[in-house]
């Protein structure tokens, strides 16, 4: 019954899950296979899966990955999620996403913004777009 409930929820929310224009996409934007990843930048399992997902994207030219920010580990996770979505406005979401998931340890506002600078984001614009 739980699986049936989950499948029904997916059907009811398919448009939001798979085709929400606000959700960043990696891989082939027109791919016929879609993977939806829910993640938190401070989640150890999410960090570990990042290299796996990168490898899958490189191996499968028909794969489309949709990213769903799910900041469940508190304020710094929420901050990082907002900044990463703002990075999309500068066309660098995936580079920033990868860099944040590569950070060792806990995030802070300072570390998040330093990471943004490292991938070439305009931090002043990022702060404006974040809000």
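Residue numbers (this note's numbering): 36 to 166.
Every residue gets a Cβ at the ideal spot worked out from N, C-alpha and C, and that includes glycine.
These numbers were taken from a predicted model, which means no experiment stands behind them.
Evaluate residue i with the Cβ neighbour count: other Cβ atoms within 10 Å of its Cβ, from every protein chain shown; 16 or more gives buried, anything less gives exposed.
i: residue 59; result: buried
i: residue 106; result: buried
i: residue 86; result: exposed
i: residue 88; result: buried
i: residue 73; result: exposed
i: residue 61; result: buried
i: residue 115; result: buried
Taking C-beta to C-beta, are residue i and residue j nearer than 8 Å?
i: residue 103; j: residue 165; result: no
i: residue 125; j: residue 149; result: no
i: residue 157; j: residue 99; result: no
i: residue 119; j: residue 135; result: yes
i: residue 75; j: residue 108; result: yes
For the putative contact between residue i and residue j, defined by C-beta atoms under 8 Å, what is the C-beta separation to the nearest angstrom?
i: residue 101; j: residue 71; result: 5 Å
i: residue 77; j: residue 142; result: 6 Å
i: residue 122; j: residue 151; result: 7 Å
i: residue 138; j: residue 146; result: 6 Å
i: residue 7; j: residue 66; result: Because the chain is modelled from 36 through 166, residue 7 falls outside the range shown and cannot be assessed.
I'd like to know whether the C-beta of residue i is nearer than 8 Å to at least one C-beta of chain C.
i: residue 144; result: Looking for chain C here will not work: only one protein chain is present.
Problem - Given 8 Å, three or more beta-carbon pairs between the segment 80-87 and the segment 112-130 - result: no
Problem - 3 or more residues per run - each beta strand (DSSP E) lying fully within the segment 58-105 - result: 60-62, 68-74, 98-104
Handout entry: 4 or more residues per run - each alpha helix (DSSP H) lying fully within the segment 105-131
Key = 110-123
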